[in-house]
Amino acid sequence: MGELKQVGEIDYATKDGEIVSFQCGDGSKPVGVCHLDKKNGCIFALVVLEEYQGKGLGEALVKKAEDYAKQIGLKSIFAQITEKNEKSQNLFSKCGYEKNGESVINDYGLSLDSYSKNI
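If you're matching positions, the sequence shown starts at 82 in this note's numbering and goes up one per residue.
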């Protein structure tokens, strides 16, 4: 499979705030991505292709987002994870995030758990 490398960091703006995206790849294509909302410290849309899961890429992407958040002066960071997404819940717990509060229902009817961490 070869060594996985960071493909790059893409900084772009949206209507509601600035988003930064972190990617990792296998040298020929991106295999994982993570987004951070720079305004509120929310990590979202963390995805690693199934065949690359279990290799520490999710942890590396979360760490990259945390490091960036520290650089821009954020003191805490969080993720909202669907109640049924045990892989993501386990990943964020492993990275030191704590589940806080009750689940909330978003605009799409999904039940979300919030995980946060002081950085």
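The beta carbon of each residue, even a glycine, is placed where N, CA and C say it ideally should be.
The structure displayed is predicted, hence computed values, not measured ones.
**Q.** Own chain residues within Cβ distance below 6 angstroms of residue 99, not counting five before or after
**A.** One-based indexing of the sequence shown puts residue 99 at position 18. Result list for residue 99: 119, in chain order.
- Counting only the same chain and skipping the five closest in sequence on each side, list residues whose C-beta sits under 8 angstroms from that of residue 130. Reading the sequence shown from its first residue, position 49 is the one you call residue 130. So the qualifying residues of the chain are 112 and 113.
| said: Restricting to runs no shorter than 3 residues, where is the beta strand (DSSP E) found entirely within the stretch 169-199? | reply: Qualifying beta strand (DSSP E) stretches, in chain order: 179-186 and 192-199.
Run of the alpha helix (DSSP H) containing residue 134, from where it starts to where it stops: If you number the sequence shown from 1, residue 134 lands on position 53. From DSSP, residue 134 is part of no alpha helix (DSSP H); its letter is neither H nor E.
* State the start and end residues of the unbroken beta strand (DSSP E) segment that holds residue 99. => As a first step, residue 99 must be located in the sequence shown, where it is residue number 18. Residue 99 -> beta strand (DSSP E) spans 99-106.
Could you give the distance in angstroms between the alpha-carbon of residue 109 and the alpha-carbon of residue 139? For this step, residue 109 is matched to residue 28 along the sequence shown. For this step, residue 139 is matched to residue 58 along the sequence shown. Roughly 19 angstroms separates the two Cα atoms.
message = In whole angstroms, give me the CA-to-CA distance for residue 82 and residue 176.
response = Position 1 of the sequence shown, counting from 1, holds the residue named residue 82. Position 95 of the sequence shown, counting from 1, holds the residue named residue 176. Annotation note: pLDDT 40 at residue 82 (below 50); position unreliable, no value reported.
If you drop the 5 nearest sequence neighbours on each side, which residues of the same chain put their C-beta closer than 8 angstroms to that of residue 180?
As a first step, residue 180 is located in the sequence shown; it is residue number 99 there, counting from the start. In its chain, beyond the 5 residues on either side, 170, 174, 194, 195 and 196 have a beta carbon closer than 8 angstroms to the beta carbon of residue 180.
| query | What does residue 157 pair with, by DSSP beta-bridge criteria? | reply | Taking the sequence shown and counting its residues from 1, the one referred to as residue 157 is at position 76. Answer is 199, bridged to residue 157.
(Q) Here's the rule I'm using: 16 or more other beta-carbon atoms within 10 Å means buried, otherwise exposed. How should residue 162 be labelled? (A) If you number the sequence shown from 1, residue 162 lands on position 81. Result: buried.
- [ ] Give the secondary structure of residue 82 by DSSP, where H, G and I count as helix, E and B as strand, and everything else as coil.
- [x] On the sequence shown, position 1 is the one that residue 82 refers to. Low confidence applies to residue 82: its pLDDT is 40, below 50, so where it sits in the model is not reliable enough to give any reading.
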